[in-house]
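Visitor: With the first letter of the sequence shown counted as 1, position 76 gets the number 76 in the working numbering; the numbers rise by one all the way through. All residues carry an ideal CB built from backbone N, CA and C; glycine is no exception. This one's a predicted model, so the numbers in the text were calculated from it and none came from an experiment. I have a structure I would like to understand better, so I am pasting it below and will then ask my questions one at a time.
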Amino acid sequence: MGFEDGIKDKMKSELTLTQRVAMYIPGYKGYRERNLRRDEDRAVRQELSRCIQGTKADLASVQRELVGSPLIMDVERIRTKVDRYDIDIKKAVNGYSAFHASLKVTEADLDRLVHWDAKLMDDIQDMRTAAADLLKSVDMGLDCKAEIRNFERGIDSLVEDYNQREAVMKGIQE
1 MGFEDGIKDK MKSELTLTQR VAMYIPGYKG YRERNLRRDE DRAVRQELSR CIQGTKADLA
61 SVQRELVGSP LIMDVERIRT KVDRYDIDIK KAVNGYSAFH ASLKVTEADL DRLVHWDAKL
121 MDDIQDMRTA AADLLKSVDM GLDCKAEIRN FERGIDSLVE DYNQREAVMK GIQE
């Protein structure tokens, strides 16, 4: 059972008796399941943001260690990118489409969205590990220029992947 399956099961188990009975009403089930998927997506994005907070804290520690070094500006640029990435995740399109909207978000789109966000969780865990490794290297007094550049490339890749997710949700890309 993956991360996204656990959230889906938890969301369904928290339905009230009335909501579970209403799931048998024609038309309501699809409506309710779409809302559950949206809630899943929101919960996944909140967890993604929580994980990013650890990376931001490690980068702040790296900066404190690099005071007086020319690399401090590189780390500041990376922190800014990570912060922007976190904000983008928090304000992401969550799969809602109004009744008269020209672009409809389907159940399949919502399923893809939750799956995509679960993949992002893996990527963010990798980013978190890389930030912790960078902090260890700085603490040991190693030359971290290449490691910082690689870390920034990884962040740029994460941002690009996330931008593709947003393009799909806004109907710009298939």
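#1: With the cut-off set at 8 Å, would you say residue 148 and residue 74 are in Cβ contact?
#2: Distance, Cα to Cα, residue 40 vs residue 70?
#3: Just checking: is the beta-carbon of residue 118 within a distance shorter than 8 Å of some beta-carbon in chain C?
#4: Can you give the Cα-Cα distance for residue 128 and residue 112, rounded to whole angstroms?
#5: Below 8 Å between beta carbons: does that hold for residue 52 and residue 63?
#6: Check residue 96 in the structure and name its three-state DSSP category.
#7: How would you call residue 92, buried or exposed, if buried means at least 16 neighbouring beta carbons within 10 angstroms?
Guide: Once the coordinates are examined:
#1: Note that the C-beta distance between residue 148 and residue 74 is below 8 Å.
#2: 43 Å
#3: You won't find chain C in this structure, because it holds only one protein chain.
#4: 24 Å
#5: no
#6: Since pLDDT at residue 96 reaches only 49, below the 50 mark, its modelled position is unreliable, and the value read off the structure follows with that caveat. Residue state, collapsed to three classes: coil.
#7: buried
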